Each structure stands twice: as C-alpha cells, then as structure tokens.
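Taking it in order: structure first as structure tokens, then the write-up.
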Amino acid sequence: MIETKKVDFFYGDFQALKNISMRMDKNTVTAFIGPSGCGKSTFLRLFNRMNDLIPDIHLKGECLIDGQDIYARGVEVDELRKKVGMVFQKPNPFPKSIFENVAYGLRVNGMRDKNFIEQRVEESLQSAALWGEVKDKLRKSAFELSGGQQQRLCIARALAISPSIVLMDEPASALDPISTAKIEELIHDLKKHYTIVIVTHNMQQAARVSDKTGFFMLGELIEFSDTKKMFINPEKEQTQNYITGRFG
Amino acid sequence: MKKLRKILERVIEAMLTVSGAVTSIAILLIVAFLFREGLGLFKSPTVERGYAVYVNSANPVQSLLPWQLKEIFDFQIENWNELGGPDEEIRVFRFNEIFSLYTDEQLDADNDYALLPERLAEVIAANPAIIAYLPQRYAPVEDESVKTVQTGTITMAQFFLGRKWMPTAKPAAQFGVLPLVLGTLMVSFMAILIALPLGLGVAIYMSELASERVRRLLKPAIELLAGIPSVVYGFFGLVVLVPLVQRTFNLDVGETAFTGSLILAIMALPTIITVAEDAMRNTPRAMREASLAMGATDWQTIYRVVIPYSLSGISAAVVLGIGRAIGETMAVLMVTGNAAVMPHTLFEPVRTIPATIAAELGEAASGSSHYQALFMLGCILFVITLIVSITAEAISKRKHEVGV
Amino acid sequence: MNRKTSQSLAFWIFRVFGIIVLGILLWIIGFVVYNGIGVISWEFLTTAPTDGMTAGGIMPAIVGTMCLVLGSMIFAFPLGVMSAIYTQEYAGNGFVVKFIRVMTNNLAGIPSIVFGLFGMALFVNTLGFGDSILAGSLTLGILVLPLVIRTTEEALKSVPQSFRSGSLALGATKLQTTRKVVLPMAFPNIITGLILSIGRVSGETAPILFTVAAYFLPKLPNSIFDQVMALPYHLYVIATTGKDIEASRPIAYGTALVLIAIVLIMNILATMLRRHFGKKVKTG
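Residue numbers (the working numbering), protein chains in the order written: chain D, 1143 to 1390; chain R, 2 to 405; chain E, 30 to 313.
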C-alpha cells in the first residue's frame, strides 16, 4: 500500500508537484494520466526514490509505503528499491545475456545459490510471459530480442527480486501495438501478486488496465477516482476536457 | 561583377577542398620520407662505405657476418677455425699499422702514397692468417695472394632480431633493435601498469562520484597535466625521481627503466583519464537507473553495469595510453640512463626507440647506415603508433552488441 | 564483505586516487615554481647566457621559441582552420570525411620524435633549408595541425544548424554563410584552439632537435634561415649536457618555470575564453 500526504516537490526553485495526497491499495493497478510535464512521472519516481539521482531537489510532506515513511532518516534506499521494482519507458536491458539480465537483481543483492537463481529466472520470465520465447536462448545477448520482448525482459528483471510494488513509467510507449497488447495483458495478470502503478499518456491504455486513475495537470492532482467513473463521468471540467481530447 | 564573385567563390572552395586533404598529405609525406631513408638501410653494406675487408687468398673463408667481424676485431674470435677456416690464430690488421711497418719513402708519401696498395698487398701476402680492414681508395690489387671478403648488406633479420645495438662499432656497426624494442615495451607496459588503476580510479571518481564543483577543479588540472612539456617532466624526473628511486631501492644509479615508467605513467594519466571518463559518462542514464531501481548500490552499478558498458572506451583509453608512452621521447631520454643493452630487470638503465633517435641522430652523418638505421627506428615507431590509432578506433567503434 | 562496506571502501580509494593525481600536479608545479621563482628577474629574461651557460639569462631561447611559435602558427593555423571548414561545412558525411578524420587522428598519434625525423629528411635535407627557423616551424606546424583542426571542428559544430539554414534561406551562398554567420560565431572557440596550439608548440623538444635548435647561440636570428635557441631544448641541454650541470641548475629551474608559465597562461586563457563565450553563445 502506498500513501502520500501533502507532497510538494521541487527541482531547484521549480515546484513540480503541489500538495498531493493519495492512496494506492494492495493488488490494484493505478494509472496516472495527464499532459507531458504535468508531474506524473516525477510523482511515480518518488516511490522508489529515483528522483534522488537528480541534484538540487527537495521534498515536503510524507510518502509512506506500508505505513513507513520512505524519506525518513535511516531508510536504506537500495532496500527500498528491492521492494519497489520499476519498468522504464524505453526497454533498457543491460549489455549482458538474457539470463544475466534477469539474474542481475539477485546477484547484486548477494544471492549466490545457483539453483535458486536459475529457478527464479525461469519463474520471472514465465511471469513476464517471455519464457516460451527465450527458453532456448538464455545465453544470447539481450539485444537480440525485439523491442517488445526486451520490455518484457525488463519486467521479468524487475520481478526477479520479488518486489511487492511495480512502478511502470510509460512501459509501452516505445512499442508496436501487438507488443503493447501483450504488456497490457501481462499487467492484468501481475495484479494478482503485485501492486502496480503505471504512468501512461495513452488514455485507452489507462482505461483498459487500471482500477483507479489519477489525472495530473501542472503538478497538481486534479482528480483521482475509480477508472470507470473517471472515464464515463469525471467530476472536474479539466478532466473532462483532457479525456475528450481538448488538451494534448 | 557577379561573375567575378562566382569565380572567386569557386577558387576559395577549391582551396578549402585542397586543405581538407592536408593531414592525409602530411601522413603520405611522412611515410614516403621515413621509409625512403629507412629502407635504404637494407641496401647498405655492412662495413662502412669506402672500406672493405681483405684476407690472404689461401684463407678458405669467403664471407663474414657483421657479428663475426665485430667479434674478430674485438678479439673475441681469435682463431680462424671458429669461422670454418684453418686452425690458425687470427692476425688482425688495422690500416694505421702500415705506417709503422714502412717509412714514408717506401710508401711514396710525396706522390699521394702511390705505393701504399702495393705495400698492403705485401703485408697480406706475407700473413696467411691476416684479416685487414682497409679503405678501398688504397686497396691492394686482388691477385693470387689477396682477396676481398664478402661482407654483404645489412639484412632485415640482422636488424629485427639482432641483440646488439652498436651503431658506431668498427669495422661493422651492429644494428640490432631487439634491446631497444624490449626497452621500449618494458618501460611502456610498466608505465601503463602503474597508470591504469590510478587513471581508471580517477575516471570513475570524476564521472560517477565527484560533485560538479570538484569536477570543475579536477578537469582543468588534468588538462594542465597533459599540457606540461615533456622536457619539464624529464627535468622533474631527473632532479626528483632519479635520486628518489636510487635511495628507495638502494641502487647504484637511479636512471632505470622503472624511473622512466614512473614519469611515463604520470604522462599517460591524462590520456587514460579523459578517454575513460568520456566513455563512462556516455553510459546511458537508463542503464544506471535500471540497475539502481533493482536495489543495486552505486558501486555495484558502476562495476556491474557502467564499466562493462564502457569497456570498449576504457580499452581505447588503455591503447592510447600505451601509444603515448611508447612514443614519448624527451622525458624518457632524460631519466632512463640510455644503456642500449638487453634489459633484464626494471632496475637497470635501458634505452627506448625514441630516446635512441633523439640521442644519436645528431651524430649520424646524413645518408650513412647509422642515419638510415635511425630512420628505420622511426618507421617502427610510426607503424606501432599507426596500429595503436587503428586499434583504438576499431575498439571504440565496436559497440556493446556482444557482451555476456 | 558487506556490499555497503565494499562500496565505501571503493569510493574511498577513488577519492584518494583523485587526490593523488591532484597532488602529482601540484608537486611538479610546486617543484618548478619553488626552485625557479628566485631565478626569474628582468635580467634573466632579457640577457643572453654567459660563462658556458652557467650564468646570464635565457633571452635568445625566449626569442627563438617566439619565432617558432609564430612561424608554425602562420603555417598551421590558416591551413588547419580551412581544413576543418572543409570537413565540417562542405564535405558532408561520406567516406571522404571519415577518411580525413582517420588521417587526422593518425597524425595526432604520431610521436613527436618521428616529426623530427621527417622534418630533418624533408625540410633540412631534401628541400635544403638547413637547420633553420623555417624548417623547425614547418615541422612544428605539421605536428600541431591535428590540434588546430580538431578544436576548429568542435567550434564549428557548436554553431547551431538553424543559423546556417536561416542564412541560406535568405539566398546567401554557402561560402557567404560560412564567412558571415558560422565563422564569427565560432571565432572565440577557434581562438581557444589557437591558444592551446601555441602552448603545445612552445613546449615541444623532439621535433626541433634536428631541424632548428641551436645548442648555444647568443645572437638573435636575422632571417628565417637562421638557427635559434629554444626554451625546451635549452632546458634539456643545461639539465643534461651542460659544461657544469650543478652550476647551471638554477638556470634550468628558471627555464622550466618560464616554460610552465607559458603553458599555464595559455591554458588559463583558453579556459576563460571558453567559459566566457560558452555562456554567450548559449544565451545568444
């Protein structure tokens, strides 16, 4: 479960997020939509502290995962990131073999047991619906896969370390329609075991995969409700305008 | 008017095009001149031009190699039987000796030593075991008692496999580049061994850890390190490092291969740091993020993702660093002691190829075989650096498609 | 070992490495400055060496180096800039440019002593210039060409494409665009390259050993066919082969300081120029 309380976020002097409070429940899919630059990706990256990599940022308010403030003193960022997996906009496999890509997270977390790693790699690839396509070429370079396969590999990679939450930052935006469909199907399956938060610029996608949807604009959370309600009967006029296509 | 301007433009554009080729032309000229002079070496006679070696006709030895000549005249080979001749002690005869054997009148000194060839022939005829090194100008007439020994020309094998570099030895100079090549490689590789961990460490520090403020301090510092003239490095090495090495390792002399490696390591650092840092900075952000997002620490991300990803750039840095070290002249010349012998340990004087050229070209007469041999050394250097450039280019082009 | 500990250990080592490299630089510069500063005086800079180079100044070497810098730049700067203009503005992106770039890289990788050999064979012997400013300048000029070309190329690259299109769209020819728009904008960076080249040329020893440098020549040159003394060669000579090495040590320190000062000033000048105009181009 993820919860934020009155979160303000700044890049230097620029306020990227304004007073955002919301709650994402266990084993649900939450989608963030909104025009580019609205802060939805920034908000997503708060949950695994990926924004920490940018110099000169600061945060006000609270950001809780399972009731614990992840920005509190003494929180180990790498432990947090083990719990909160992430899939990026563009597939970004490492220049390693397919197997090593999935095993990476296990290895950096100190796992040495070969059998366990092999088993985990297979499970993860199966969860990511990629096992059948790659089981005969696990030692081949990950770059030999197609874009859609690479993205599912990245999902498998994220799943391998058994996170409880998976963040997806426009995971299908760089893919063709068939690959996109596969990813969406996958998200649907993953919901059973993981809490998923997905940023997308594609409203149909949000409508198809998510239980709840948050609409962001200019750093504010304009509306947050059940996806069905949001797309059929939004409360705010801005949401209505965006959904019907008056904004980019 | 307009037409004139058009023509002018054409002319200027033609000039630009021509100057575009200037570096290619320069390389072509360098190749042409280097190899023209250098390859002449293999047409040069083994003994100095204008001189020849003579023996008594009764001597069955027909030809002698450069090292044999050298050892004969150094009295290391003392009997003809060592050379396939009769069991007789070799009598070495040098041109000057003739003046103690005969008076000026007997040589007809007033008449441009007209009788000198005849007298020389007498000496050779009288000594069956003699070997004489004489100027051809006064050469004795070849007859039943005097014959010229074939000494041939300098061969590639003698040059590339020879273990002695004695370019001014008489009668046969020894041009064996092996000690120089080994000296160069030894000093350079040791230098890289020292510079590599240091350079990579600093490159990692600058690309991954340092704050913008520290980078702004380190970057110009490294540029400056690259800008210091090599002769200043040499001077520093001579005054500071040489005594330091001597004291630390308790040696007789501080001018050793190791001292050269130290100074070369410092000089190769900027190349290694700059190229490796560039390569690491080019690692896509997405790669780092993917690794960090899985709970890897910064250091794990660096050595498991950043370094493998930028491996081609790092290898290019190493190759370029080696290139820099191999070609460096002045600093090495000033601190390595310049003994042209086969090196055995790091703690004795050695001589590198560039240092040999710098030290000896001033004394070699233009067109002599020594001069040509030094140009041949230049050719070797040129070929090495060409290989280095091409390798570096090829490595950094080869992207990260493979990788396991 | 715990992965946190190994991280802090590794980072600590790298930090130390950074400090070591900085320390080496400070050591060398400090060594030269500390020992040389007492030697530098107006007299040192303006008189010729005396007493077998154990006393007096280094004026002829300074003048000689200035001649060589000037000579090599007259040759290399226009040629290098023109070459860079050709590859950047005219030649497109095909095989020719790639070939030229490879050649330029190769030229940059050739050791300076090989340039010395080449200069001796071509300029001194074949063309018959003898040991002279002309031969030395041409040799140094070829050596520094790749640096001029590269810095100019970088300068030209930093001019946004939109300026070129804008000018061409107004009916200007390519040459006019280059001359009136591209070159003025790239100018400060091209000058930066020139300054760096001067720093490089003034410190080179190996290429001038056999093409121009004189061991001891107290009078100043009259023509480009004269030999001259030069700072780096002078330092080499008095550090290794002088009549009385101990007695000439102070002069060696002074010469080294002058050399380092030239490089330092050139680098600082280049960095300042780059920072100053770097900002201007971005906002402009």
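Backbone N, C-alpha and C fix where the C-beta goes; we use that ideal spot for every residue, glycine too.
All values derive from a computational prediction rather than experimental measurement.
What residues of chain R sit near D:TYR1246, judged by a beta carbon separation below 9 Å?
ALA291, SER292, MET295, ALA297, ARG305 and VAL306
Taking CB distances under 8 Å as the criterion, tell me whether E:LYS33 reaches chain R.
yes
Taking the beta strand (DSSP E) that D:VAL1308 falls in, what are its first and last residues?
D:VAL1308: member of the beta strand (DSSP E) spanning 1307 to 1311, first to last residue.
Between which two residues does the alpha helix (DSSP H) carrying R:VAL320 extend?
312 to 328
Which of helix, strand or coil DSSP assigns to D:PHE1391
Residue coverage of chain D in this structure runs from 1143 to 1390, which leaves residue 1391 of chain D outside it and unanswerable.
Nearest chain R C-beta to E:SER101 closer than 8 Å, yes or no?
no
For R:THR156 and R:PHE176, what's the separation of their Cα atoms in angstroms?
10 Å
Please name the residue or residues paired with R:ALA173 in a DSSP beta bridge.
R:VAL48
Just the chain R side, please: which residues come within less than 9 Å of D:GLU1463 by C-beta, in chain order?
This structure gives no information on residue 1463 of chain D, because the portion of chain D shown stretches from 1143 to 1390.
Pick helix, strand or coil for R:VAL178, following the three-state DSSP scheme.
Collapsing the DSSP output to three states places R:VAL178 in coil.
Since R:ALA126 and R:ASN57 are thought to touch, with beta carbons under 8 Å apart, how far apart are those beta carbons, to the nearest angstrom?
7 Å
R:ALA130 in three-state terms, based on DSSP:
coil
Indicate the three-state DSSP secondary structure (helix, strand or coil) for E:GLY59 in the structure shown.
Correct three-state label for E:GLY59: helix.
Which of the residues in the stretch 385 to 402 of chain R, read from start to end, lie with their CB under 7 Å from any CB of chain E?
THR386, LEU387, VAL389, SER390 and GLU394
Contact belief for R:ASN97 with R:GLU90 at Cβ below 8 Å, rounded distance in angstroms
Contact doesn't hold; Cβ gap of about 21 Å is too wide.
Are the C-beta of R:ILE229 and some C-beta of chain E separated by less than 8 Å?
Closer than 8 Å: yes.
Checking contacts by CB at 8 Å: is R:MET16 closer than that to chain B?
Within the model displayed, chain B is absent; protein chains D, R and E are what it includes.
Could you give the residue range of the alpha helix (DSSP H) that holds R:HIS371?
370 to 398
Under a Cβ-count criterion, where at least 16 other Cβ atoms within 10 Å of its own Cβ denotes burial, should D:ASP1311 be classed as buried or exposed?
So D:ASP1311 ends up on the buried side.
So, does the CB of R:GLN1 fall closer than 8 Å to a CB anywhere in chain D?
This structure leaves residue 1 of chain R out entirely; chain R is present only between 2 and 405.
Using a threshold of 7 Å, is the CB atom of E:ARG32 nearer than that to any non-hydrogen atom of the ligand PLP?
In terms of ligand content, the structure shown is empty, and the ligand PLP therefore cannot be addressed.
Would you mind telling me which residues of chain R sit closer than 8 Å to D:ILE1303, beta carbon to beta carbon, in chain order?
MET295 and GLY296
Proximal residues, the stretch 1282 to 1300 of chain D versus chain R, C-beta separation under 8 Å:
SER1283, PHE1285, CYS1296, ARG1299 and ALA1300
So, does the CB of E:ARG303 fall closer than 8 Å to a CB anywhere in chain R?
no
Thinking just about the alpha-carbon of each residue, which of D:MET1192, D:ASP1220 and D:ILE1199 is nearest to the one in D:PHE1156?
D:ILE1199
Of the residues R:GLU349, R:GLY328 and R:HIS345, the one placed nearest R:GLY338, counting alpha carbons only
R:GLU349
Are the C-beta atoms of R:ALA359 and some chain E residue less than 8 Å apart?
Yes, its Cβ sits closer than 8 Å to a Cβ of chain E.
By DSSP, does D:LEU1301 sit in helix, in strand, or in coil?
helix
Please report how far the alpha carbon of R:ALA269 lies from the alpha carbon of E:ILE42, in whole angstroms.
20 Å
Three-state class that DSSP yields for D:CYS1180 in the structure shown:
In the structure shown, D:CYS1180 sits in coil (DSSP, three-state: anything other than H, G, I, E or B).
Suppose you measure from the CA of R:ILE391 to the CA of E:ASN135; what does that come to, to the nearest Å?
When only Cα atoms are considered, R:ILE391 and E:ASN135 end up about 8 Å apart.
Taking buried to mean at least 16 other C-beta atoms within 10 Å of its own C-beta, is E:TYR265 buried or exposed?
buried
Answer with yes or no whether the minimum CB distance from R:ALA317 to chain E is below 8 Å.
no
Can you name the residues of chain D whose CB is closer than 7 Å to the CB of R:ALA326?
Those do not exist, as R:ALA326 stays about 30 Å from chain D at its closest Cβ, beyond 7 Å.
Is the distance from the Cβ of D:VAL1226 to the Cβ of D:ALA1302 below 8 Å?
In this structure, D:ALA1302 does not lie closer than 8 Å to D:VAL1226 by Cβ.
Within the same chain, show all residues whose beta-carbon is closer than 7 Å to that of E:VAL98, passing over the 5 residues directly before and after it, in chain order.
ILE227, VAL230 and SER231
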